[in-house]
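Residue numbers (the working numbering), protein chains in the order written: chain A, 1350 to 1730; chain B, 760 to 1442. Here the structure comes first, spelled out in structure tokens, and everything after it is commentary.
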Amino acid sequence: MQFTNNEIATYLYCAQLTQTRTTPLTILEWNVIVKSLSQQKLEPEVLLTINSTELSNTLIHATNAQKTRIVEKIKARQKLGLSMLELEEIVHQGFGIMFRSKMPPRLKKLTHKHIPAFFYYAGDPSILSHRAMGVVGARSATETELIQTTDIANEAASHGVVIISGGAKGVDTTAVEATLQNGGKAIVFPADGLMKWVKKSNIRFYISNGQLLLMSAQRLDAPFSGYYAMQRNKFIHAPSDAVLVASSKISTKKKSGTWEGVAENIKYQWSPLYVIGNSEGVEQLKAHGNAEQFSSFDKIFTHTEPKRKRERKEIDERIVSLIKLAIAKGLDRETLEEKFVDVSSKYFENQKQNEQETSQNLLVHEQLSMEEYMGGKVEES
Amino acid sequence: MYIQSLQEVFGPEATFREGQNEAIKRLLHKKRVLVVQKTGWGKSLVYFLTTKILRDKGEGVTLIISPLLALTRNQIDSTRKYGLVADCINSQINKTLPEKKEVIERCNHGECDVLFVTPEQLQNDNFKDLLSQLRVGLFVVDEAHCISDWGHDFRPDYRRIHQLLKILPKNIAVLATTATANERVIEDVTKQLGDCEVIRGDLQRESLYLHNLYLPNAEQKYAWIAKNINRLQGSGIIYATTIRECERLAIWLRQNAIDARAYHGRINEEDKIELENQLTNNQIKVLVSTIALGMGYDKEDISFVIHYYTPKSVVEHYQQIGRAGRGIDQAVCVLLYGGEDENRINKHFIYDSFPKQVQIDQVLNYLSQNDEVKIATLEQVMNIKSKTLKQILKLLLIDGFVGKNGSSYFRTLKHYYSQQKYYDSIINLKVQEYNELLEFQRTKDCQMAYLTKALDDPNTRPCMKCSTCLGEAWDLTDDYVSHDEINRVAKFFAENYIIIEPRKKSMMTNKNLNFIYEEGLALSFYHEQLGQEARRCKYEMNQFSDLVVSASADKLRRFIRDKGLKISEMIIIPIPSNRRPELVPQFAKRLANRLQCNYVNNLAKKPNEPEQKSLQNNSFQEQSIRKHLYIKDRVNLDNQNILLVDDFVDSKWTFTVAAELLGEMYNDITITPFALSDTSGSD
Ligand SMILES: Nc1ncnc2c1ncn2[C@@H]1O[C@H](COP(=O)(O)OP(=O)(O)OP(=O)(O)O)[C@@H](O)[C@H]1O
Ligand SMILES: [Mg+2]
Ligand SMILES: [Zn+2]
């Protein structure tokens, strides 16, 4: 993995880096910086060299209180470049970092103030481009609810639908295991760091099989945190095309994680909700018209399915006619197959190169386009 | 521009050497710089002076990656001159985390300006966390040819630095320095540094008088050294590659009234420091050293460097002779070459650098199928030499295929692809480099020119000082060695003891043993004449020759007497073997006859013991011997001094377990092991 100066600066100031005993920028602070810099045609890399006064003058979108805090945080880390040892180790062990510029649109459904400056991930990030269903549910789900979850997750595999879950015991794990065992794909946003996960041999197996993607905004060795567990609910609800609520309590004084996540989804209208079973949360969702009973994948994905099928058919037909043409011109099967591999691999290589070349621009562009999400105004935290 | 800073340190007359000023300037502008300049040129001045200026400006400290501990100490001494405070963190000096923490804190509080670390330290997670708190202004890789795979002396730990350089933010200046980078290495290092400036000068060392001399056996070399060393003024270094040779040569020189000391990896740190100080203060004539004291070491008046063995490459040779003549006008560098021994040793180092692919696969497969695995578990389930296992794990760690957590290892996400081709390419390169040096031995060209040319120096020219340039006029050494002189060495060899050190701990339980044998004796090393004779007797004749018996008797007589024991009062016990039941007992009986001492054959082995050689690691070996060896007759041996006799000794587990069995059975005994040949390290 290669990093640009902008990405290195982003990591230096936004990563937790607890070992440095300094505080990272919050998402909101980072947004303010990005917006201020972009308006002055500057890029995040200047944060590596800029002095406090200049920085303070540059932060046109920050309140005074924010300015002080940001300047202090930047100053505290500016000389700690050696702490990038952490980033080197992460990459060394085969983890990836997904900065905003590389995040697919599905993640951008999150409103600006929720998108972290980057995600750590393990596995193939292209899993994010598939159709996806979030699965959430209480740890205390009943046997019946779990069996039903298993069936649905199994079916997801055969429908090419990716399961997104929080990796907790109960519903989350049941769904993910079922779909993986059935050859399907899953994305997990665990509430603890990714390190513990990839030390497990079966997790590595599914990752190397291209079936599993783990993502986290937390440092790799982070212990379970209730706070982050709540935070990461939105990473499940927002990117999903639909969310299945398998079982939920209703938050009282004691908050239910599942319920809070669902409520947030309803508030921001991230994705349609489907339910099974008859837990109290599920009953209430149905009663208030916030969720539908899960019936079938065909029904959920109706609008997209026929169109996709049509497109695939069209591509198939074109390939067949090309092959016919080639045979007519006297190409034998072997040459033809070779040609195909050759041409397509060249194509993808070129594309990769283009990506690299433009990634610098892309980053700026992406950071700038944050404004869209900000609606032109910066919120105070 | 920075002349003022220079003169503050070196006096009002001081001037920069060409390139120093420029390098400093660029670094102060946070640029990346590669300096390739000859040994003794003053590469360290560049980073020390830059540090001084940066610190005056309130910048962070300078972090220096330095390959050898001796070099680090030497450099720390020289920082005083600059008014800088330097410290180091390594596995020897500040072992505990709080100690390391304190050093980092002093750096951040302005109480320390330069921090040296060894590349190995960068593998340590706890230490990396600490380093993350360090405010760094300048990052230096000294002896930077090490970060290139093509840069000789492949040090896996340096490979991580390559990746770190890619990620290090651009507000940290980076300096890489080396004397020995050919075009290919320069290209590689430049690529690793990214956008960087190369400052390069010629490599010719004007003060060095080079001499290559063919002396094909140890006796001749020893005689030559004894004869010549006092002709050479001042003090110097002899490079001898193996620890054993360093020790033996130092003893020989001391017998010749020359103040010589051995210096190598097995000497403890405190003694090393003492030896370094003695050399620095010219209190000893010569240090007989392995490469532990090689690159970078700076003492102004080393007046000779002698190579007992041919080094493995031109780079190593140029580096080592580079220790001489740094602040004086004349220093003599002699390469004594020839003999099978040196080829064997060098090839061993070259081919032994990487483990076998099957073993790597074995370790990886096991780790893939498990979660976290303790190293002790790996040793128990895998029949791999523990040294090899450690080497495998280290390489896998460095390539990111496994991770480490305390004493546990786990497979990472990184897809493994066989490294065999890559390893082979490095071995090939090493073979080429060695051949280049073999050619250098006999070159008809100027020796200095040969070296600088091999390092791609564009300004290569005849030195008019080496023994090739001078021909008959060379008179700095006396190369004739007489028969008498050679015989004296032969006698010394015959009298010199090869010690069998006792083991203290069980590998299976990690507890101290109940009984430990005395220092024992081996008649020969496997590669020596006597060792080969013993091998022939065992495998071809199944009986040891009279020559072996009488040589053993002679040497044992002296050895036992030197220990203050009476040989005739000792009891000889043979180590049993089911494969050759008569071989060792017969020999032991003959030896007992010759020495007129008692013979007791009371040890035995249960059947079906696997051959020792097939057991790759300590844990397996000890286990197997404990399972099979037992005492068959309870003759009373209380209060006796026992001589335990075997043919070959390698892992020492047989002696160790036999001694413990006897020691637990009898009261007040001593046990001294004796073997015909020490075969360790000769596979
Ligand atoms: N401009 C200078 N004026 C006076 N002395 C100098 C100057 N530059 C370097 N020296 C001295 O030369 C000696 C050798 O320098 P140094 O140890 O830095 O060599 P080096 O280039 O690192 O060699 P090596 O490749 O062997 O490590 C030092 O004692 C140093 O103080
Ligand atoms: Mg040096
Ligand atoms: Zn010459």
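Yeah, the Cβ is synthetic: ideal placement off N, Cα and C, and Gly gets one too.
Evaluate residue i with the Cβ neighbour count: other Cβ atoms within 10 Å of its Cβ, from every protein chain shown; 16 or more gives buried, anything less gives exposed.
{"i": "B:Glu-1075", "result": "buried"}
{"i": "B:Leu-813", "result": "buried"}
{"i": "B:Gln-1179", "result": "exposed"}
{"i": "B:Asp-1030", "result": "exposed"}
{"i": "B:Asp-872", "result": "buried"}
{"i": "B:Arg-1220", "result": "exposed"}
{"i": "B:Arg-1025", "result": "exposed"}
{"i": "B:Asn-987", "result": "buried"}
{"i": "B:His-904", "result": "buried"}
{"i": "B:Asp-1405", "result": "buried"}
{"i": "B:Ser-825", "result": "buried"}
{"i": "B:Glu-861", "result": "exposed"}
{"i": "B:Arg-785", "result": "buried"}
{"i": "B:Asn-1040", "result": "exposed"}
{"i": "B:Tyr-1077", "result": "buried"}
Examine chain B for any beta-carbon lying closer than 8 Å to the beta-carbon of residue i, and answer yes or no.
{"i": "A:Ile-1419", "result": "no"}
{"i": "A:Ser-1550", "result": "yes"}
{"i": "A:Met-1433", "result": "yes"}
{"i": "A:Glu-1641", "result": "no"}
{"i": "A:Lys-1602", "result": "no"}
{"i": "A:Asn-1354", "result": "yes"}
{"i": "A:Ser-1589", "result": "no"}
{"i": "A:Phe-1538", "result": "no"}
{"i": "A:Ser-1448", "result": "In the sequence as displayed, the identity of residue 1448 of chain A is Phe instead of Ser. No, its Cβ sits nowhere closer than 8 Å to a Cβ of chain B."}
{"i": "A:Val-1381", "result": "no"}
{"i": "A:Gly-1430", "result": "yes"}
Against chain A, with Cβ distances strictly below 8 Å, would residue i count as a contact?
{"i": "B:Arg-1170", "result": "yes"}
{"i": "B:His-868", "result": "no"}
{"i": "B:Gly-1084", "result": "no"}
{"i": "B:Pro-928", "result": "yes"}
{"i": "B:Ile-1257", "result": "no"}
{"i": "B:Ser-1127", "result": "yes"}
{"i": "B:Gly-1162", "result": "yes"}
{"i": "B:Ile-1151", "result": "no"}
{"i": "B:Lys-784", "result": "no"}
{"i": "B:Arg-894", "result": "yes"}
Reducing DSSP to helix, strand and coil, say where residue i ends up.
{"i": "B:Thr-855", "result": "coil"}
{"i": "A:Phe-1554", "result": "helix"}
{"i": "B:Ala-1016", "result": "coil"}
{"i": "B:Phe-807", "result": "helix"}
{"i": "A:Lys-1591", "result": "It is Ala, not Lys, that sits at residue 1591 of chain A in the sequence shown. Here A:Ala-1591 sits in strand by DSSP."}
{"i": "B:Val-900", "result": "strand"}
{"i": "A:Arg-1418", "result": "helix"}
{"i": "B:Ser-1048", "result": "strand"}
{"i": "B:Gln-880", "result": "helix"}
{"i": "B:His-970", "result": "strand"}
{"i": "A:Met-1452", "result": "coil"}
{"i": "A:His-1637", "result": "coil"}
{"i": "A:Thr-1508", "result": "The sequence shown places His at residue 1508 of chain A, rather than the Thr named in the question. Coil."}
{"i": "A:Pro-1621", "result": "coil"}
{"i": "B:Pro-915", "result": "helix"}
{"i": "B:Glu-956", "result": "strand"}
(request) Identify every run of the alpha helix (DSSP H) within the region 1223–1267 of chain B, keeping only runs that are complete inside it and at least 4 residues long; order them along the chain. (result) 1226–1229 and 1242–1254
(request) Kindly provide the ranges of any beta strand (DSSP E) runs that are 3 or more residues long and lie completely inside the region 1105–1179 of chain B, ordered along the chain. (result) As far as the region 1105–1179 of chain B is concerned, its whole beta strand (DSSP E) runs of at least 3 residues are 1161–1164 and 1167–1170.
(message) Any contact between the region 947–955 of chain B and the region 922–930 of chain B? By contact I mean 3 or more CB pairs, one from each, below 8 Å.
(response) yes
(request) Any chance you could list the residues with Cβ under 7 Å from a heavy atom of ligand 4, keeping chain order? (result) This structure lacks ligand 4; the ligands present are ligand 1, ligand 2 and ligand 3.
(request) Within the region 1375–1450 of chain A, note down every full beta strand (DSSP E) run reaching 3 residues or more, in order along the chain. (result) 1445–1448
(message) Under 8 Å, with one C-beta from each stretch per pair, do the region 1373–1383 of chain A and the region 888–900 of chain B reach the 3-pair mark?
(response) no
(request) Assess, as a yes-or-no matter, whether the region 1326–1344 of chain B is touched by the region 1352–1362 of chain B under the definition of 3 or more beta carbon pairs within less than 8 Å. (result) yes
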